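Residue numbers (our numbering): 1251 to 1563.
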């Protein structure tokens, strides 16, 4: 989990709950704050380590959610009585929207989370923790053409979560049906990527255009902070934090579908193929959540001139 992104649930369920099950009611009903304080104390004291206290949206999310809550427990600066949550009732669910102060090392920051509890009789059970929520409950009566927004960083995260999930599902299917090499080849788009860089950045050499376009793509299209640390005719170095790898650590569902080594191999296959088609050999290393691309210019005679297997672009 990173402070900038917080914890991302496996599903963007809180954004759509009001559309599926009816409009949530923001109100403090008798007992709401007592329930919150009961949960808060159970979390702070470590009693949420009991799996029986959970009713996850999907059974395989139980362990990831328990891990997320434990991380929250260790990061939050617990102060009494603590902030008062905003409360929403949707069916037998109660959503508590609350800002929390977290501390990681010497860094302190405030982030708002939505904790969802399920009420069964006189007992509550934990269901979901979310750091992204869209206030579509504030949309007025139709016709409506403006909708509540979220920060650009959250939208980039949401787009990548959807796309990465699709890619992982397709990769897993192709690997089972056609074999791993076929599955990896399917995602190779290097020829088209290198051509796009050359035509969209025509004012420098094709090799430099590729490096510069890569940085622009990561920074402007994908919203991933990137640093171009070196660029000359024979070598280049780029440092960034791949969101796909952060997604793996901060969502519950990807770990159920693919191992981290397979995800890294898919990631590295795509970028190695792109670099090779642009005239570069690529070395990839990882440094505390960041990725370092080291490019060395290769012999132009070894550059892939024919269409690569599985190249769909």
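Each residue gets a CB set at the ideal place from its N, CA and C atoms; glycine is no exception.
Here the structure is a predicted model, which is why all the values come from computation and not from measurement.
Proximal residues to residue i (C-beta, below 6 Å), its chain only, five neighbours per side dropped
i            : result
residue 1414 : 1494 and 1497
residue 1474 : 1468, 1490 and 1493
residue 1344 : 1367
residue 1508 : 1418
residue 1539 : 1491
residue 1412 : none
Simplified DSSP state of residue i, which is helix, strand or coil
i            : result
residue 1544 : strand
residue 1533 : strand
residue 1271 : Caution applies to residue 1271, whose pLDDT of 34 falls short of 50 and renders its modelled position unreliable; the value that the coordinates give is listed next. In this structure, residue 1271 counts as helix in the three-state DSSP scheme.
residue 1560 : In this prediction, residue 1560 scores a pLDDT of 43, lower than 50, which makes its location untrustworthy; no coordinate-derived value is stated.
residue 1259 : With a pLDDT of 36 at residue 1259, under the threshold of 50, the predicted position of this residue should be treated as unreliable, though the coordinate-derived value follows. Here residue 1259 sits in coil by DSSP.
Among the options, the one whose alpha carbon lies nearest that of residue i
i            : options                   : result
residue 1317 : 1293, 1337 and 1338       : 1293
residue 1432 : 1501, 1405 and 1422       : 1422
residue 1351 : 1505, 1332, 1482 and 1454 : 1332
residue 1377 : 1303, 1537, 1488 and 1527 : 1303
residue 1311 : 1342, 1438, 1380 and 1369 : 1380
residue 1512 : 1418, 1544, 1501 and 1442 : 1418
residue 1500 : 1315, 1308 and 1384       : 1315
residue 1385 : 1401, 1370 and 1289       : 1401
residue 1286 : 1355, 1514 and 1338       : 1338
residue 1442 : 1283, 1427, 1539 and 1460 : 1460
residue 1382 : 1426, 1392 and 1347       : 1347
residue 1354 : 1282, 1309 and 1324       : 1324
residue 1481 : 1506, 1399 and 1454       : 1454
residue 1234 : 1308, 1307, 1320 and 1313 : There is simply no residue 1234 to check, as the chain begins at 1251 and stops at 1563 in what is shown.
residue 1371 : 1444, 1281, 1487 and 1539 : 1281
residue 1447 : 1524, 1283, 1308 and 1284 : 1524
residue 1309 : 1506, 1510 and 1549       : 1506
residue 1284 : 1373, 1435 and 1295       : 1373
Residues of its chain near residue i, where Cβ-Cβ distance is below 8 Å and the 5 sequence neighbours each way are ignored
i            : result
residue 1517 : 1492, 1494 and 1495
residue 1547 : 1457, 1483, 1484, 1485, 1529, 1530 and 1531
residue 1360 : 1349, 1350, 1351 and 1352
residue 1358 : 1327, 1351 and 1352
residue 1437 : 1417, 1421, 1516, 1519, 1520 and 1560
residue 1534 : 1518, 1521, 1522, 1541, 1542, 1543 and 1544
residue 1472 : 1406, 1410 and 1493
residue 1299 : 1316 and 1320
residue 1389 : 1397 and 1398
Buried or exposed (CB count within 10 angstroms, at least 16 for buried), residue i
i            : result
residue 1465 : buried
residue 1404 : buried
residue 1335 : buried
residue 1470 : exposed
residue 1536 : exposed
residue 1409 : exposed
residue 1440 : buried
residue 1342 : exposed
residue 1476 : buried
residue 1365 : buried
residue 1397 : exposed
residue 1502 : buried
residue 1290 : buried
residue 1322 : buried
residue 1394 : exposed
residue 1526 : buried
residue 1426 : exposed
residue 1488 : buried
residue 1563 : Legend: pLDDT at residue 1563 = 39, less than 50; position of this residue unreliable, value from coordinates given subsequently. Exposed is the call here.
Contacting residues, own chain, Cβ-Cβ under 7 Å from residue i (five flanking each side not counted)
i            : result
residue 1450 : 1463
residue 1375 : 1303, 1304, 1305, 1367 and 1368
Interface flag, residue i vs chain D, CB-CB below 8 Å
i            : result
residue 1300 : Note that chain D does not occur in the displayed structure, where there is just one protein chain.
**Report entry** Length-filtered (3 minimum) beta strand (DSSP E) runs lying within the segment 1452 to 1505
**Finding:** 1476 to 1481 and 1485 to 1490
Report task. Scan the segment 1322 to 1400 and note each continuous beta strand (DSSP E) run of 3 residues or more that stays entirely inside, going in chain order. Result -> The segment 1322 to 1400 contains these whole beta strand (DSSP E) runs: 1336 to 1340, 1343 to 1354, 1357 to 1370 and 1373 to 1380.
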